[in-house]
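All remarks here apply to the structure that follows.
Number of protein chains: 4
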Amino acid sequence: MAVRALVWGENVHEQTNPTVREIYPDGLHGMIAAQLGQDPDITAETATLQDPEHGLTQKRLEQTDVLFWWGHAAHGEVADEVVDRVALEVWRGLGLVVLHSGHFSKIFRRLMGTPCALHWREAGERERIWTVNPGHEIARDIPRSFTVENAEMYGEPFTVPEPLETVFVSWFQGGEVFRSGLTWRRGAGKIFYFRPGHETYPVYHNETVGQVLRNAAKWGRNPARLKSDIIEALQVSLEDTPEKIEVRGPKLHEEGEKGLR
Amino acid sequence: MAVRALVWGENVHEQTNPTVREIYPDGLHGMIAAQLGQDPDITAETATLQDPEHGLTQKRLEQTDVLFWWGHAAHGEVADEVVDRVALEVWRGLGLVVLHSGHFSKIFRRLMGTPCALHWREAGERERIWTVNPGHEIARDIPRSFTVENAEMYGEPFTVPEPLETVFVSWFQGGEVFRSGLTWRRGAGKIFYFRPGHETYPVYHNETVGQVLRNAAKWGRNPARLKSDIIEALQVSLEDTPEKIEVRGPKLHEEGEKGLR
Amino acid sequence: MAVRALVWGENVHEQTNPTVREIYPDGLHGMIAAQLGQDPDITAETATLQDPEHGLTQKRLEQTDVLFWWGHAAHGEVADEVVDRVALEVWRGLGLVVLHSGHFSKIFRRLMGTPCALHWREAGERERIWTVNPGHEIARDIPRSFTVENAEMYGEPFTVPEPLETVFVSWFQGGEVFRSGLTWRRGAGKIFYFRPGHETYPVYHNETVGQVLRNAAKWGRNPARLKSDIIEALQVSLEDTPEKIEVRGPKLHEEGEKGLR
Amino acid sequence: MAVRALVWGENVHEQTNPTVREIYPDGLHGMIAAQLGQDPDITAETATLQDPEHGLTQKRLEQTDVLFWWGHAAHGEVADEVVDRVALEVWRGLGLVVLHSGHFSKIFRRLMGTPCALHWREAGERERIWTVNPGHEIARDIPRSFTVENAEMYGEPFTVPEPLETVFVSWFQGGEVFRSGLTWRRGAGKIFYFRPGHETYPVYHNETVGQVLRNAAKWGRNPARLKSDIIEALQVSLEDTPEKIEVRGPKLHEEGEKGLR
Numbered sequence: 000m001a002v003r004a005l006v007w008g009e010n011v012h013e014q015t016n017p018t019v020r021e022i023y024p025d026g027l028h029g030m031i032a033a034q035l036g037q038d039p040d041i042t043a044e045t046a047t048l049q050d051p052e053h054g055l056t057q058k059r060l061e062q063t064d065v066l067f068w069w070g071h072a073a074h075g076e077v078a079d080e081v082v083d084r085v086a087l088e089v090w091r092g093l094g095l096v097v098l099h100s101g102h103f104s105k106i107f108r109r110l111m112g113t114p115c116a117l118h119w120r121e122a123g124e125r126e127r128i129w130t131v132n133p134g135h136e137i138a139r140d141i142p143r144s145f146t147v148e149n150a151e152m153y154g155e156p157f158t159v160p161e162p163l164e165t166v167f168v169s170w171f172q173g174g175e176v177f178r179s180g181l182t183w184r185r186g187a188g189k190i191f192y193f194r195p196g197h198e199t200y201p202v203y204h205n206e207t208v209g210q211v212l213r214n215a216a217k218w219g220r221n222p223a224r225l226k227s228d229i230i231e232a233l234q235v236s237l238e239d240t241p242e243k244i245e246v247r248g249p250k251l252h253e254e255g256e257k258g259l260r
Numbered sequence: 000m001a002v003r004a005l006v007w008g009e010n011v012h013e014q015t016n017p018t019v020r021e022i023y024p025d026g027l028h029g030m031i032a033a034q035l036g037q038d039p040d041i042t043a044e045t046a047t048l049q050d051p052e053h054g055l056t057q058k059r060l061e062q063t064d065v066l067f068w069w070g071h072a073a074h075g076e077v078a079d080e081v082v083d084r085v086a087l088e089v090w091r092g093l094g095l096v097v098l099h100s101g102h103f104s105k106i107f108r109r110l111m112g113t114p115c116a117l118h119w120r121e122a123g124e125r126e127r128i129w130t131v132n133p134g135h136e137i138a139r140d141i142p143r144s145f146t147v148e149n150a151e152m153y154g155e156p157f158t159v160p161e162p163l164e165t166v167f168v169s170w171f172q173g174g175e176v177f178r179s180g181l182t183w184r185r186g187a188g189k190i191f192y193f194r195p196g197h198e199t200y201p202v203y204h205n206e207t208v209g210q211v212l213r214n215a216a217k218w219g220r221n222p223a224r225l226k227s228d229i230i231e232a233l234q235v236s237l238e239d240t241p242e243k244i245e246v247r248g249p250k251l252h253e254e255g256e257k258g259l260r
Numbered sequence: 000m001a002v003r004a005l006v007w008g009e010n011v012h013e014q015t016n017p018t019v020r021e022i023y024p025d026g027l028h029g030m031i032a033a034q035l036g037q038d039p040d041i042t043a044e045t046a047t048l049q050d051p052e053h054g055l056t057q058k059r060l061e062q063t064d065v066l067f068w069w070g071h072a073a074h075g076e077v078a079d080e081v082v083d084r085v086a087l088e089v090w091r092g093l094g095l096v097v098l099h100s101g102h103f104s105k106i107f108r109r110l111m112g113t114p115c116a117l118h119w120r121e122a123g124e125r126e127r128i129w130t131v132n133p134g135h136e137i138a139r140d141i142p143r144s145f146t147v148e149n150a151e152m153y154g155e156p157f158t159v160p161e162p163l164e165t166v167f168v169s170w171f172q173g174g175e176v177f178r179s180g181l182t183w184r185r186g187a188g189k190i191f192y193f194r195p196g197h198e199t200y201p202v203y204h205n206e207t208v209g210q211v212l213r214n215a216a217k218w219g220r221n222p223a224r225l226k227s228d229i230i231e232a233l234q235v236s237l238e239d240t241p242e243k244i245e246v247r248g249p250k251l252h253e254e255g256e257k258g259l260r
Numbered sequence: 000m001a002v003r004a005l006v007w008g009e010n011v012h013e014q015t016n017p018t019v020r021e022i023y024p025d026g027l028h029g030m031i032a033a034q035l036g037q038d039p040d041i042t043a044e045t046a047t048l049q050d051p052e053h054g055l056t057q058k059r060l061e062q063t064d065v066l067f068w069w070g071h072a073a074h075g076e077v078a079d080e081v082v083d084r085v086a087l088e089v090w091r092g093l094g095l096v097v098l099h100s101g102h103f104s105k106i107f108r109r110l111m112g113t114p115c116a117l118h119w120r121e122a123g124e125r126e127r128i129w130t131v132n133p134g135h136e137i138a139r140d141i142p143r144s145f146t147v148e149n150a151e152m153y154g155e156p157f158t159v160p161e162p163l164e165t166v167f168v169s170w171f172q173g174g175e176v177f178r179s180g181l182t183w184r185r186g187a188g189k190i191f192y193f194r195p196g197h198e199t200y201p202v203y204h205n206e207t208v209g210q211v212l213r214n215a216a217k218w219g220r221n222p223a224r225l226k227s228d229i230i231e232a233l234q235v236s237l238e239d240t241p242e243k244i245e246v247r248g249p250k251l252h253e254e255g256e257k258g259l260r
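Right, here's the structure in full:
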């Protein structure tokens, strides 16, 4: 069964900046979806900030395996309610691939618990991405290194939690480095941050970048989705207690009571 | 120089429940502070929900090395502004020790990025805490296992991110297990979650529990505190670029501009 | 394409102990292979210590996706040359599932870099295995907990490196706990240690145990296999250097020379 | 109490290569020890390959908090018995700092369980080391980046296990990157790999490099040392079993027997 990818784009610079529109006439989300769709085992749809509920209804999220997130200018316009919904779906098993300037998106910062800050410079310099974990699923068919000729630089420190695994590290012409491909798990959901990408350069036309995105879609799928009560603290009754015990000592809570929060 | 610990307690059940008041006449925060103060290399103060700004002013946080967090009934009453302030201080280097029911505190969930849920049962059953990482600083002088005779059970899954290290795992008489001592780093701040503790049992009178708390205070201190601009995405000017480069291609941003967020 | 599993068994107690032979008439390796083979997407073969080269020739390892390892009485009889060969294949991408007493196998200790010791007791007591990472691929379709009525106890500390992820933790009737399901990556190879299993109890007849094994086979497959020169330190010639540079300063090595080791 | 550092050097190129001798007249080990000794809270001694037992007797290791390892040309000449001894002491709590070409030392490969390979080029190019984890103890007082003007390049992939934390990442003039500061724990021992350093360049004269070494010495000390039986699988007798149980089912082992290995 094909991986069901959904590419979310804020779709702002595409509407306001002629350079961006020229490079990405179907939007960045459109281009990313086209890259994903090159693989017959992936189906890729899109959703944007301007859609009702930003195109991220509960039903649609439940029909999605991996959500790709592109945002830059309008992080603050994403409704908190939708962010809560996406976070819960990630905890239940939705894969999430956060791209480039998405490092400052509400959903990424919510799931990381850190500032997700970095240093940056927009000078069209050369970036060379190195594969530091060549056996990782996301690095399949990716060479030892590949180049993006015009890139916006992101520099360390990148204030995210220590990842489960570091897959890519970037070299920049101006002298900086950046951990460009990092993975985490939050609940049942697998998260991948991938640095390359900028509106004014054709980064998402790059075939190797496309291959990374396709690999990430396949890696990020979790066929199982946990129940939505995973956010609750459930009381175990004496009856359901695995080994027979008897209550001892004073109590704060009643049998059957919901926990405090 | 002594570790400056600050024990925060919500101080609610101590005021409303005679059993709790009897076991902890100085409050749970008072008892925890007393345990910490047994070590001449630790100074321990307290702060409570009822204090102005919950006793957690910017100045006080800056004069604290490690913050201990006890809360249960009133997580929702902690002001978001104070939570933001504590989170930033953790990212800058404040140590944080979250105790027992603090798993559902705003600050812990904010820093973890997950539900932090679990199963529970209040039956006064026996808990045996096993040291799985005996070389860890927090396990110093802690035996291979120790017992809390009356405990509230917490059962897995505990929906937190995979920790940096697992230090303790608990066995419960009723048949459950729980990862009772877990560490993470968020920014420059070291975080330790420690499960034992419940209002209606004298868990914090236990000397081994006290030793864990004292160890955690020493482990959690980070003498350096990062600058508060670590939450910003700072632009690197061409002048400050390590290797000389020239701008190529179109641009979204102006030199000197603040980044989008 | 089906996962190609190979189950290696030392096949010693099956030959010498009537109880073991009765429970596992086809050997433990035979039973484990039978469990794996229940899934149409897995093909399972077996190899034993007594086979030429222990049944682990280079060719066979290259035709294997995931190697399951059962050993207990004869760890020392496994040829170092075969251990070297398996280690290299793991680094290249072979999955490895180490079972129960395999914690002391040469291959596991080689790949972990630690003693891999633990405490144990053979009393036929009850073990309850808890799923602490319910979203993990290896936990698919596994309930929140399941029971092995007669088990050999393994107790903490289990002296292995901190895992990538903890999937299962066991509770024992006698009062101990154990991290029963742990994952690591070594090179391109995914490694899973799974505790349940003992020769004198029918643990591998248990259907839930079987489901964990099948899940592990699917999780452990890495379709790519790295080149065997991954153990070499390769010199990068000036010609192959990505950015043009000139040699400066004194040198120890000649262009084209192999590195020291 | 001061950290007791011991700097081990193979002391080969210093004897055979005039350039090396000129830069490091007291040997690389001597220079490294001098850097450490700048801190009044560190005492630094040296040992070399040529000393009896390579200067690494059991007694001396037990009187050492952190062992620094410099080797390059003579990894194969280090006696396996000494490697075994050092490994056991690390598991018991000895800190270990492995420098530069020590990536291929027997002790490092033993403790990592991976090839520890990389790419390299000796061209005297510029290296810029970036602090990616500025709150880490090893990064204290280290700037956001610093430069080594003449360096031997090490390039990814560096085939080590995923670290506990990544502290430094290097940028090279020729276009490569390398994870230059990585931490692990093996047993009770803290391990730090630090890349900078080469015999024909005065890298260890660099003050910032020296500060990293001093920080690593302080970070790596574990005041506790586990018992040497941590490599054994100890049987728990019925008498010592925490909860009362009775033996059920058939047995392979006798009460009091040592485990198989």
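Chains as they are written, first to last, in numbering that gives the first Met the number 0: chain A, 0 to 260; chain B, 0 to 260; chain C, 0 to 260; chain D, 0 to 260. All residues carry an ideal CB built from backbone N, CA and C; glycine is no exception.
Using a CB distance cut-off of 9 Å, D:Trp129 counts as an interface residue toward chain A. A Cβ-Cβ contact shorter than 9 Å links C:Gly8 with C:Gly29.
Within the region 178–202 of chain C, the residues whose Cβ lies closer than 8 Å to some Cβ of chain A are Arg184, Gly186, Ala187, Gly188, listed in chain order.
Excluding residues up to 5 positions away in sequence, Asn149 lie with their Cβ nearer than 6 Å to the Cβ of C:Tyr200 in the same chain. Fully enclosed beta strand (DSSP E) runs of no fewer than 3 residues occupy 176–185, 188–193 of the region 174–203 of chain B, in order along the chain.
Interface annotation, D:Leu163: in contact with chain A, CB-CB separation under 9 Å.
Sorting B:Val89, B:Arg125, B:Ala216, B:Val65 by C-alpha distance to the C-alpha of B:Arg139 places B:Ala216 at the top. Taking the Cα positions, D:His204 is about 40 Å away from A:Ile137. Chain order gives no chain D residues near B:Ala43, where near means a beta carbon separation below 8 Å; the closest approach is about 22 Å. Taking all protein chains shown into account, B:Ser227 has fewer than 16 neighbouring C-beta atoms within 10 Å of its C-beta and is therefore exposed.
Using a CB distance cut-off of 9 Å, A:Thr113 counts as an interface residue toward chain B. The criterion of a C-beta distance shorter than 9 Å is not satisfied by A:Val97 and A:Phe157. Nearest to C:Gly92 by alpha-carbon distance, out of C:Gln34, C:Glu175, C:Glu253, C:Leu60, is C:Leu60. Per DSSP, reduced to three states, the secondary structure at C:Asn214 is helical.
At least one beta carbon of chain A lies nearer than 9 Å to the beta carbon of D:Arg143.
Rounded to the nearest whole angstrom, the C-alpha separation of C:Gln14 and C:Val6 is 17 Å. Taking a cut-off of 8 Å for Cβ pairs, the region 230–239 of chain D and the region 110–123 of chain C touch, as three or more such pairs fall below it.
Neighbours of B:Asn205 across chain D, judged by C-beta separation under 8 Å, do not exist; the nearest C-beta is about 17 Å away. Taken atom to atom, the span from the alpha-carbon of A:Arg247 to that of B:Tyr23 is near 19 Å. Rounded to the nearest whole angstrom, the CA to CA distance from A:Phe191 to A:Gly180 is 7 Å.
At a cut-off of 9 Å, the C-beta of C:Asn149 has no neighbouring C-beta in chain A. Taken atom to atom, the span from the alpha-carbon of D:Arg224 to that of D:Pro114 is near 28 Å. From the listed residues A:Thr45, A:Ser104, A:Lys58, the smallest Cα separation to B:Leu259 is found for A:Ser104. A residue is called buried when at least 16 other Cβ atoms come within 10 angstroms of its Cβ; B:Gly255 does not meet this threshold and is exposed.
Counting other Cβ atoms within 10 Å of its Cβ, C:Glu206 stays below 16 and is therefore classed as exposed. C:His74 carries a helical assignment under DSSP once its states are collapsed to helix, strand and coil.
Annotation for A:His12: the continuous alpha helix (DSSP H) segment containing it runs 12–15.
For A:Gly154, the enclosing beta strand (DSSP E) covers residues 144–154. In this structure B:Glu161 is not in contact with A:Arg109, their Cβ atoms being roughly 18 Å apart against a cut-off of 8 Å. Within the same chain, Cβ atoms closer than 7 Å to the Cβ of C:Thr63 are found at Arg3, Leu5, Leu93, the five residues on either side in sequence being excluded.
C:Leu27 sits close to C:Trp69, with the two beta carbons spaced by under 9 Å.
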